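Be aware that the sequence shown starts at 1, since it is given in UniProt numbering, and climbs by one per residue. Glycine included, every Cβ here is placed at the ideal spot set by N, Cα and C. All values derive from a computational prediction rather than experimental measurement. Below you'll find the structure, written out as structure tokens, and then a few comments.
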Amino acid sequence: MTRWIDNAVFWHLYPLGFVGAAQHAETGLRHRLAHIVDWLDYAVALGASGLLLGPIFASSTHGYDTIDHFRIDPRLGDGGDFDQLITEAQRCGLRVVLDGVFNHVGRDFPLLRAALESGPTSVEAGWFRWLGGADSAGEPDYATFEGHHALVALNHESPDVIAYVTRVMNHWLDRGASGWRLDAAYAVPRPFWKTVLSDVRRNHPDAYIFGEVIHGDYKGIVADTGVDAVTQYELWKAIWSAINDGNLFELQWALDRHNGFLEHFQPLTFVGNHDVTRLASRLTDERHLAHALALLLTIGGTPTIYAGDEQAFRGIKENRAGGDDAVRPAFPSTPEGLAPFGWSTYRLHQQLIGLRRRHPWLFKARSRKIHLTKREAVWAMEADDNSLLVALNLSDGDAILSAPGGGDVLAGAAEVRTTFPGRATSVRLPSHGWAVLAASRRN
Numbered sequence: 001m002t003r004w005i006d007n008a009v010f011w012h013l014y015p016l017g018f019v020g021a022a023q024h025a026e027t028g029l030r031h032r033l034a035h036i037v038d039w040l041d042y043a044v045a046l047g048a049s050g051l052l053l054g055p056i057f058a059s060s061t062h063g064y065d066t067i068d069h070f071r072i073d074p075r076l077g078d079g080g081d082f083d084q085l086i087t088e089a090q091r092c093g094l095r096v097v098l099d100g101v102f103n104h105v106g107r108d109f110p111l112l113r114a115a116l117e118s119g120p121t122s123v124e125a126g127w128f129r130w131l132g133g134a135d136s137a138g139e140p141d142y143a144t145f146e147g148h149h150a151l152v153a154l155n156h157e158s159p160d161v162i163a164y165v166t167r168v169m170n171h172w173l174d175r176g177a178s179g180w181r182l183d184a185a186y187a188v189p190r191p192f193w194k195t196v197l198s199d200v201r202r203n204h205p206d207a208y209i210f211g212e213v214i215h216g217d218y219k220g221i222v223a224d225t226g227v228d229a230v231t232q233y234e235l236w237k238a239i240w241s242a243i244n245d246g247n248l249f250e251l252q253w254a255l256d257r258h259n260g261f262l263e264h265f266q267p268l269t270f271v272g273n274h275d276v277t278r279l280a281s282r283l284t285d286e287r288h289l290a291h292a293l294a295l296l297l298t299i300g301g302t303p304t305i306y307a308g309d310e311q312a313f314r315g316i317k318e319n320r321a322g323g324d325d326a327v328r329p330a331f332p333s334t335p336e337g338l339a340p341f342g343w344s345t346y347r348l349h350q351q352l353i354g355l356r357r358r359h360p361w362l363f364k365a366r367s368r369k370i371h372l373t374k375r376e377a378v379w380a381m382e383a384d385d386n387s388l389l390v391a392l393n394l395s396d397g398d399a400i401l402s403a404p405g406g407g408d409v410l411a412g413a414a415e416v417r418t419t420f421p422g423r424a425t426s427v428r429l430p431s432h433g434w435a436v437l438a439a440s441r442r443n
């Protein structure tokens, strides 16, 4: 496991949406990556230490139907624009992690076009998986990503595909990227990743590489593939669902599972991304946004903030063509163009990210239940000899909760009750309140 990642907090961007690019490939070149450069100081002020970028390589539409993994999407710019982004990010102390779409390619991928013209026995056809039939137009059937005809699955047993993906990953790491998100990693055979990543790590031992995994054997996938981590969708769902339903027992189940994962790897944690409904839209009570954020930034793992969530952006993901548009909007040219309503949420993010940065051991913290009912909870977040207490109240009345060893209120609002100087026995939270408290290790 690479060490720089231990204290990382990522600001996650979907570049094509962020810069307001056209939804389909354009003629000509647009140098829009410079738009992201204009937001780097904003990311640093937020507290981020890295940028997690969505797809930036040449594609036909949304970036996940790649045409050329060695070329920046002309809607975003060219190689010079990428190099400038890396240079400016490094100047700001920000690492850049890229999105690698290696499970499938787009219909306009040149080798697919050649294979369709030459037939499934051609050399080019070996890059893909053919199903033996033909579609209604007489075109040979090929394997796809989850039934999407425009997303053509690669043949991951092909030595040519293995070599190609390895070259792509090494190329952009050589150009200054610090790591990769592996899109749809769960759909790719594990031995493929093991082979590719072994080679990549020989050249770039400090690269951070994580896989998109929605459900399944998180621990097994990490062990079998060589990725550093996977996306923690179990925890994402439990945070908003437990808060909305007033059922913190659901969250406790997920936290217990999360503790188990932390014994083996450091999951990538989040409460929003480019594929899901915005947190501010998902929560039924806007007062609870702070509760979700307090959890994200005190739980072990590598937290990511999806761009716009720190401004309480709203957006609902819909299961239809174009259904992601609401959660992938264009941003103004500079932060000064943001609406005024979101800055209080930005400051809350700054406060809690700052708290995490001041307690760098939190990346490996396990949660320990101290008090739990459906709507009230206190957890100790612990690692080595360090501890913080996180207290939540989802009820309509004040709550007095057990908080042994608690000290000063570091974030949120609470009345700490003590029997000894500086040693809490309980904490009083207001209706729908929350707090993070300093604490001594187990008591």
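Inter-residue Cα distance where the pair is residue i and residue j
i	j	result
Ser-60	Pro-340	35 Å
Val-196	Thr-121	26 Å
Arg-190	His-156	10 Å
Val-378	Glu-234	20 Å
Val-416	Ser-367	21 Å
His-104	Leu-51	24 Å
Ser-402	Ser-281	32 Å
Leu-112	Gly-132	16 Å
Asp-183	Ala-177	16 Å
Arg-358	Leu-394	27 Å
Leu-348	Leu-295	13 Å
Asn-443	Val-390	For Asn-443, the predicted structure reports a pLDDT of 46, less than 50, and the residue's modelled location is therefore unreliable. A value from the coordinates is still provided. Cα-Cα distance, rounded: 15 Å.
Asp-38	Ser-333	7 Å
residue 485	Ser-426	In the structure as shown, the chain begins at 1 and stops at 443. Residue 485 is therefore absent and cannot be evaluated.
Thr-277	Val-123	42 Å
Leu-355	Val-161	44 Å
Asp-385	Leu-437	15 Å
Gly-119	Ala-143	15 Å
His-31	Val-188	33 Å
Asn-259	Leu-362	13 Å
Ser-440	Thr-418	14 Å
Span of the beta strand (DSSP E), counted from its first residue to its last, around residue i
i	result
Asn-386	386-393
Ala-435	434-439
Thr-383	Checking the sequence, you will find Ala at residue 383 rather than Thr. From DSSP, the beta strand (DSSP E) with Ala-383 extends over 376-383.
Arg-75	First-last for Arg-75: undefined, no H or E at that position.
Ser-402	399-402
His-288	His-288 -> no beta strand (DSSP E), and no H or E assigned at all.
Phe-10	10-13
Best match in the options for proximity to residue i [C-alpha to C-alpha]
i	options	result
Pro-159	Arg-282, Tyr-42, Phe-128, Asn-319	Phe-128
Asp-41	Gly-80, Gly-407, Cys-92, Ala-25	Cys-92
Phe-313	Gly-301, Leu-289, Thr-302, Pro-303	Leu-289
Ser-431	Val-19, Thr-231, Gly-412	Gly-412
Asp-325	Trp-130, Trp-4, Pro-15, Arg-441	Pro-15
Glu-146	Thr-166, Arg-202, Tyr-186, Trp-343	Tyr-186
Pro-205	Gly-216, Gly-211, Met-169, Val-230	Met-169
residue 446	Asp-228, Ile-243, Asp-275, Leu-279	Nothing in the structure corresponds to residue 446, since the chain is present only between 1 and 443.
Gln-252	Gly-272, Gly-54, Met-381	Met-381
Opening and closing residue of the alpha helix (DSSP H) in which residue i lies
i	result
Gly-20	Unbroken run through Gly-20: none, as it is neither H nor E.
Thr-345	343-358
Val-271	Here Val-271 belongs to no alpha helix (DSSP H), and DSSP marks it neither H nor E.
Asp-256	248-262
Leu-154	Premise fails: Leu-154 is in no alpha helix (DSSP H) and is neither H nor E.
Heavy atom of the ligand NAP within 7 Å of residue i beta-carbon
i	result
Ser-395	Among the ligands in the structure shown, none appear at all, so the ligand NAP cannot be discussed.
Buried/exposed call for residue i, threshold 16 Cβ in 10 Å
i	result
Met-1	The predicted position of Met-1 is uncertain, since its pLDDT is 44 and thus under 50; no value can be drawn from it.
Ala-238	buried
Ala-45	exposed
Pro-110	exposed
Ser-387	buried
His-291	buried
Sequence ranges, beta strand (DSSP E) only - wholly within the stretch 81-128, length at least 3:
95-100, 104-106
Can you list the beta strand (DSSP E) stretches of 3 or more residues lying completely in the stretch 158-199, in chain order?
Listed in chain order, they are 179-182.
Ignoring anything shorter than 3 residues or poking outside the stretch 43-72, list the beta strand (DSSP E) runs there in chain order.
For the stretch 43-72, the full-length beta strand (DSSP E) segments reaching 3 residues or more read 50-53, 57-59, 66-72 along the chain.
What alpha helix (DSSP H) runs, 4 residues minimum, are completely inside the stretch 205-236?
The alpha helix (DSSP H) runs lying completely inside the stretch 205-236 and spanning 4 residues or more are 218-225, given in chain order.
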